[in-house]
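Enquirer: Take UniProt numbering: the final residue in the sequence shown is number 235, and no numbers are missing along the way.
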Amino acid sequence: MDINDLYEQNYVPYSKKASVAVVRSKNGKWFPGVRIENICYPLSISATQNALFYCLSEGHEPAELFTDEIHATMIPSWEKELGITSNPLEKDELHNITFDNPVLEADLNKIDKLKELLDMAVVGESDFPVSAIVETEQGYFTGVNIECTSWNMGLCAERVAIAKALTFSSKNLISLEIHTRKGEFSSPCGACRQVIKEHLPKKQIHLHHADDSESIHFSEDLLPHSFSSSSLSNR
Ligand code: THU
């Protein structure tokens, strides 16, 4: 996958305006991000946040951001929050970058992986790690919660995993696994339920609780009467 492919990976059914961001980590690895919109517009994930959080969720420190969202008012906040520098995305200058695909193979032990992932969560504010795995036709994509000193700039593990899967995979997400060690009952927040419903309609959501029990729910059951409107064009 290269930069031009990334424009195709955007999920922008509402604005139809694709964006791409690329992050270079301190150790020279590249992490891409695309815009992931939601029918509840404020729940949308910018290409910049997607790329930065992909980098952080894999245990790398972001150093430099390249984004076509350079005029977005959030960029100075990301610079301050993460100590990064940012530049306009010049496709010609970055044309030779290729990205590793973080997909995991089909014989993954999901429980072991969910437990292992908790150590990757960036939880300086809450010390409450959460892990998530999305199954797609390509394989599995992982996510952990990423916190910022400005709390509203962070993202839950479920949304980090979904954003990564959509950036690298087909649009067809098959199921989602969620795990917390500290919560008695692992359960996605309301905002995540709206995002889950949009990308995993009628799919199974597996909640792995702290006592190693599991409950399985259909996404619709997790958010009855979720927000939708035929005035907002959707897939
Ligand atoms: N959190 C998740 O990652 N997923 C949820 O569905 C619920 C909450 C995280 C967000 C934040 O980092 C921490 O838990 C405390 O709210």
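Glycine included, every Cβ here is placed at the ideal spot set by N, Cα and C. Computed from a predicted model, the values in this text were never measured in an experiment.
(1) Closer than 5 Å between the C-beta and any heavy atom of the ligand THU: which residues qualify, listed along the chain?
(2) Taking the straight line between their C-alpha atoms, what separation do you get for Ile-36 and Gly-59?
(3) For Asp-68, I'd like the list of residues in its chain whose CB is within less than 8 Å of its CB, leaving aside the five on either flank, ordered along the chain.
(4) Measure the C-alpha to C-alpha separation of Cys-148 and Leu-56 and round it to an integer number of angstroms.
(5) What does DSSP give as the partner residues of Tyr-140 in its beta bridges?
(6) Using CA atoms only, rank isn't needed, just tell me which of Ser-169, Glu-184, Ile-205 is closest to Asp-100.
(7) What residues are listed by DSSP as bridge partners for Glu-214?
(8) Quick one, are the C-beta atoms of Met-153 and Ser-77 less than 9 Å apart?
(9) Would you give the residue range spanned by the beta strand (DSSP E) that Gly-33 belongs to?
(10) By alpha-carbon positions, which one of Asn-10, Ser-44, Lys-16, Leu-43 ends up nearest to Pro-32?
(11) Roughly how many whole angstroms lie between the Cα atoms of Trp-30 and Arg-24?
(12) Could you pull the DSSP bridge partners for Ile-3 from this structure?
(13) From Arg-235 to Met-1, what does the alpha carbon distance come to, in whole angstroms?
(14) Assess contact between the stretch 90 to 97 and the stretch 120 to 138, defined as three or more Cβ pairs (one per stretch) separated by less than 8 Å. Is contact present?
(15) Confirm, please, whether the CB-CB distance from Ala-157 to Val-144 is below 9 Å.
(16) Run through the stretch 153 to 194 for me and flag every whole alpha helix (DSSP H) of 4 or more residues, listed as ranges in chain order.
(17) Judging by CA-CA distance, which residue of Tyr-140, Leu-108, Gly-139, Arg-159 is the nearest neighbour of Val-130?
Expert: Quick look at the numbers:
(1) Ser-126, Phe-128, Val-130, Asn-145, Glu-147, Cys-156, Ala-157, Pro-188, Cys-189, Cys-192
(2) Rounded to whole angstroms, Ile-36 and Gly-59 show a C-alpha spacing of 22 Å.
(3) Ser-19, Val-20, Ala-21, Ala-47, Pro-88, Leu-89.
(4) 11 Å
(5) Leu-104, Glu-135
(6) Cα-wise, what sits closest to Asp-100 is Ser-169.
(7) His-208
(8) Yes, the pair counts as a contact, with Cβ atoms nearer than the cut-off.
(9) Its beta strand (DSSP E) spans residues 30 to 34.
(10) Asn-10
(11) 5 Å
(12) Bridge partners of Ile-3: none, in fact.
(13) Residue confidence is low: Arg-235 scores 48 on pLDDT, short of 50, so the model does not pin down where it sits. Its coordinate-derived value is still stated next. Roughly 24 Å between the two C-alpha positions.
(14) no
(15) yes
(16) Entirely contained in the stretch 153 to 194, the alpha helix (DSSP H) runs reaching 4 residues are, in chain order, 157 to 168.
(17) Arg-159
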